[in-house]
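Let me begin by presenting the structure, written as structure tokens, before commenting on it.
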Amino acid sequence: MARLKKSILILSFFVLSACSSLDKGLMNVTNGVSSYDSVTGERQLSLISEEEEIRKATERTAALLADAKEKDQKIDSDTPHYERVKRIFDRLLMVAHRQHLPWEIHVVEDERFNAFTIGGGKVFINTGLIDSSLGVRTDDELAAVIAHEIAHVTARHASETRTKLAVAQLADSDLKNQVFEASFTTNQEKEADKYAVIYLALAGFDPQSASEIWKRHDQKLGSNVGNLAYTHPIYDERAEEVAMHANTATNYYIPNQINPNQEELKLCNEIYCYEQAPEYKAGEGGGIVAFFDTLGNAFAESMDAKKEQNKRLLRKQEQQSLARRTVRVDNLQLKSLSNGQKQLVGKLVNTTTKNISSVKFTLMYWSQKKVILQMPIEKELMPREEFNFSIPLKSINFSNVSLTHEHVNFAEN
Ligand SMILES: [Zn+2]
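Under our numbering, think of the first position of the sequence shown as 1, with each following residue one higher.
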């Protein structure tokens with residue numbers, strides 16, 4: 001791929017050098033669809049302008065918060081963690097790139113161990129990131145998660161993902177939206193991990209705390225929808241790699257203090273260095289070089305992203321098939337009670353000798369082929385345990401009720 005790209009580049013350079021008006025045109029096109037990475041200075045394909053990134057993120061934030069309110073979830077200052085989270089976030093922002101963004105952090109009452117970003121400076125933290133048994137233990141660890149999300153934003157990963165999707169779709173019409181937007185690729189995770197340890201160190205948080213989290217979660221988290229391992233895929237060597245970068249970043253760490261040289265160190269340090277992308281001259285073959293350079297990078301990256309997506313789909317299928325083999329629902333039936341109410345009853349059966357730390361089924365009410373209500377059922381099951389459930393049904397019209405086996409988490413041992 002790289003070799004092919006180069007030969008196209010060289011060939012095109014000679015052919016098109018003579019044709020300067022076309023070259024100028026290409027330069028304009030390229031400038032229109034690319035931007036410079038604010039951390040590394042590389043030219044990247046970007047079909048989404050910063051303005052649009054901000055607009056989309058702002059809209060999505062309003063929708064997410066409205067949704068949480070509707071579900072009676074506490075948000076921001078109604079949760080006990082907001083002040084702490086905001087204080088850490090503000091300190092990290094003092095050393096982050098893209099300071100002009102309308103940065104916001106929101107805390108949402110949700111027991112799942114997760115944090116995520118939708119780009120445009122908007123970061124979300126679930127209360128489960130702090131409260132759950134796997135939760136962060138210190139301010140430094142909380143800072144590590146927040147710094148990681150900030151890094152996804154400063155590297156524009158959310159827009160990159162959308163751009164790659166568009167490019168991949170051009171190359172492969174079979175590719176549909178699917179889970180592409182649900183997660184970042186391994187490359188993006190690596191990038192975010194690298195920038196995050198620098199932000200931590202420069203803001204006076206212990207960069208080693210980042211690897212602690214991954215070490216702990218490597219073994220304990222499944223790749224279930226809604227948890228950190230799902231939105232941030234774990235790869236085998238992640239904890240080790242983060243520990244290595246954290247060691248380097250420790251050189252810039254002054255406990256509880258903003259590093260006085262943070263402005264320069266943020267631009268160039270032992271982990272990454274901002275390099276001005278070469279200036280291509282329009283009309284002298286520079287347009288075509290810039291065009292292929294930008295598109296070639298995006299194409300290679302989009303192929304990586306696609307591979308990543310296939311891997312995730314496979315993992316999900318494996319998990320579902322394990323769930324289907326292991327947990328069974330028996331005797332599912334609809335009962336009418338004497339007071340006219342209805343109940344859905346059934347029995348969950350763990351058919352293996354393994355402890356199941358949680359099994360989560362989603363009960364779906366269907367009406368005219370549309371799901372109109374979903375209700376999760378969650379239960380821990382001991383080996384060979386059976387659990388009788390009965391769920392009162394609201395007085396709604398439905399034509400069918402079905403259960404999906406979505407998540408089965410096996411206890412460790
Ligand atoms: Zn991530």
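Glycine included, C-beta positions come from ideal geometry on N, C-alpha and C.
Inset, instruction - Can you give me the Cβ contacts of residue 173 inside the same chain, cut-off strictly under 7 angstroms, excluding the 5 residues immediately before and after it? - result: Counting from one through the sequence shown, the residue named residue 173 turns up at place 173. For residue 173, the predicted structure reports a pLDDT of 47, less than 50, and the residue's modelled location is therefore unreliable. The matter cannot be settled from this model.
Inset, instruction - Flag this pair as yes or no: are the beta carbons of residue 194 and residue 258 separated by less than 8 angstroms? - result: As a first step, residue 194 must be located in the sequence shown, where it is residue number 194. As a first step, residue 258 must be located in the sequence shown, where it is residue number 258. Going by C-beta atoms, residue 194 is not nearer than 8 angstroms to residue 258.
Legend entry - residue 146 (DSSP reduced to helix, strand or coil): Along the sequence shown, read from residue 1 onward, the residue named residue 146 stands at position 146. Correct three-state label for residue 146: helix.
Inset, instruction - For chain C, find out if any of its Cβ atoms is closer than 8 angstroms to the Cβ of residue 97; answer yes or no. - result: The structure shown contains no chain C; it is built from a single protein chain.
Legend entry - Environment of residue 48 [buried if 16+ CB atoms lie within 10 Å]: In the sequence shown, counting from the first residue as 1, residue 48 sits at position 48. Buried is the call here.
Inset, instruction - Determine contact between the region 63 to 82 and the region 90 to 104, defined as no fewer than three beta-carbon pairs at a distance below 8 angstroms. - result: Contact between the region 63 to 82 and the region 90 to 104 is absent, because fewer than three Cβ pairs lie under 8 angstroms.
Legend entry - Minimum length 3: unbroken beta strand (DSSP E) runs contained in the region 93 to 154: 104 to 108, 115 to 119, 122 to 126
Legend entry - Any non-hydrogen atom of ligand 1 within 7 angstroms of residue 184 CB: As a first step, residue 184 must be located in the sequence shown, where it is residue number 184. Yes, the Cβ of residue 184 comes within 7 angstroms of a heavy atom of ligand 1.
Legend entry - Residue environment, residue 114, which counts as buried when at least 16 other CB atoms sit within 10 Å: For this step, residue 114 is matched to residue 114 along the sequence shown. Under this definition residue 114 is a buried residue.
Legend entry - Rounded separation between residue 65 and residue 383 - CA only: For the purposes of this step, residue 65 is taken as the residue at position 65 of the sequence shown. For the purposes of this step, residue 383 is taken as the residue at position 383 of the sequence shown. Here the alpha carbon of residue 65 sits roughly 40 angstroms from the alpha carbon of residue 383.
Legend entry - Option in 137, 134, 117 with minimal Cα separation from residue 149: Position 149 of the sequence shown, counting from 1, holds the residue named residue 149. If we check each option's Cα against that of residue 149, 117 comes out closest.
Inset, instruction - Consider the C-beta atom of residue 189 and the heavy atoms of ligand 1; say whether any pair is separated by less than 7 angstroms. - result: As a working mapping, residue 189 is identified with position 189 in the sequence shown. Flag set: Cβ of residue 189 near ligand 1.
Inset, instruction - If I'm right that residue 97 touches residue 39 with Cβ under 8 angstroms, what's the distance once you round it to whole angstroms? - result: Position 97 of the sequence shown, counting from 1, holds the residue named residue 97. Position 39 of the sequence shown, counting from 1, holds the residue named residue 39. Right, the Cβ-Cβ distance comes to about 6 angstroms (below 8 angstroms), so this counts as a contact.
Inset, instruction - Kindly examine ligand 1 and report whether one of its heavy atoms sits closer than 7 angstroms to the Cβ of residue 81. - result: The residue given as residue 81 occupies position 81 in the sequence shown. Outside the cutoff, so no.
Inset, instruction - Please go through the same chain and pick out, in chain order, the residues whose beta-carbon is closer than 8 angstroms to the beta-carbon of residue 54, but skip the five residues on each side of it. - result: For the purposes of this step, residue 54 is identified with residue 54 of the sequence shown, where counting begins at 1. Contacts found: 101, 102, 120, 121.
Inset, instruction - For residue 144, verify whether its CB is less than 7 angstroms away from any heavy atom of ligand 3. - result: You won't find ligand 3 in this model; what it holds is ligand 1.
Legend entry - Nearest-angstrom Cβ-Cβ length linking residue 347 and residue 330, presumed shorter than 8 angstroms: For the purposes of this step, residue 347 is taken as the residue at position 347 of the sequence shown. For the purposes of this step, residue 330 is taken as the residue at position 330 of the sequence shown. Indeed, because the Cβ distance is near 4 angstroms, the residues count as touching under 8 angstroms.
Inset, instruction - With a 10 Å radius around its C-beta and 16 neighbouring C-beta atoms as the bar for buried, classify residue 333 as buried or exposed. - result: Position 333 of the sequence shown, counted from the start, is the residue given in the question as residue 333. Residue 333 comes out exposed.
Inset, instruction - Measure the C-alpha to C-alpha separation of residue 196 and residue 356 and round it to an integer number of angstroms. - result: Translated into the one-based positions of the sequence shown, residue 196 becomes position 196. Translated into the one-based positions of the sequence shown, residue 356 becomes position 356. Whole-angstrom Cα-Cα distance: 34 angstroms.
Legend entry - Residue range of the unbroken alpha helix (DSSP H) whose run includes residue 238: Your numbering for residue 238 matches position 238 in the sequence shown. Segment 238 to 249, the alpha helix (DSSP H) holding residue 238.
Legend entry - Same chain only: Cβ atoms within 6 angstroms of residue 396, ignoring 5 sequence neighbours per side: What you label residue 396 is simply residue 396 of the sequence shown in a count that begins at 1. Any answer about residue 396 is weak, because its pLDDT of 47 lies below 50 and its placement is not dependable; what the coordinates show is given next. Result list for residue 396: empty, nothing under 6 angstroms.
Inset, instruction - Leaving aside the five residues before and after residue 208 along the sequence, list all residues of the same chain whose C-beta is less than 6 angstroms from its C-beta, in chain order. - result: Here residue 208 is taken as the residue at index 208 of the sequence shown, counted from 1. Contacts found: 246.
Legend entry - Between the CA atoms of residue 83 and residue 242 - distance to the nearest angstrom: Locating residue 242 in the sequence shown gives position 242, where the first residue counts as 1. Locating residue 83 in the sequence shown gives position 83, where the first residue counts as 1. Straight-line Cα distance between these residues: approximately 28 angstroms.
Legend entry - Heavy atom of ligand 1 within 7 angstroms of residue 203 beta-carbon: Looking up residue 203 in the sequence shown gives position 203. False, no ligand heavy atom lies under 7 angstroms from that Cβ.
Inset, instruction - Keeping to the same chain, check which residues put their C-beta closer than 6 angstroms to that of residue 182; ignore five residues upstream and five downstream. - result: Here the question's residue 182 lines up with position 182 in the sequence shown. The predicted position of residue 182 is uncertain, since its pLDDT is 42 and thus under 50; no value can be drawn from it.
Legend entry - Any non-hydrogen atom of ligand 1 within 7 angstroms of residue 192 CB: In the sequence shown, the residue the question calls residue 192 occupies position 192. Checking every heavy atom of ligand 1 against the Cβ of residue 192, one is found closer than 7 angstroms.
Inset, instruction - Taking only heavy atoms of ligand 1 into account, decide whether any of them is closer than 7 angstroms to the Cβ of residue 100. - result: One-based indexing of the sequence shown puts residue 100 at position 100. Result no, Cβ not under 7 angstroms from ligand 1.
Inset, instruction - With DSSP as the reference, label residue 90 as helix, strand or coil. - result: Taking the sequence shown and counting its residues from 1, the one referred to as residue 90 is at position 90. Note: residue 90 maps to helix in three-state DSSP.
Inset, instruction - Would you mind sorting residue 261 into buried or exposed? The rule is 16 or more other CB atoms within 10 Å of its CB. - result: Taking the sequence shown and counting its residues from 1, one reaches residue 261 at position 261. Burial call: exposed.
Inset, instruction - Confirm, please, whether the CB-CB distance from residue 154 to residue 104 is below 8 angstroms. - result: In the sequence shown, the residue the question calls residue 104 occupies position 104. In the sequence shown, the residue the question calls residue 154 occupies position 154. It is not a contact, given that the beta carbons lie outside the stated cut-off.
Legend entry - residue 197, enclosing alpha helix (DSSP H) - first and last residue: Here the question's residue 197 lines up with position 197 in the sequence shown. Residues 186 to 202.
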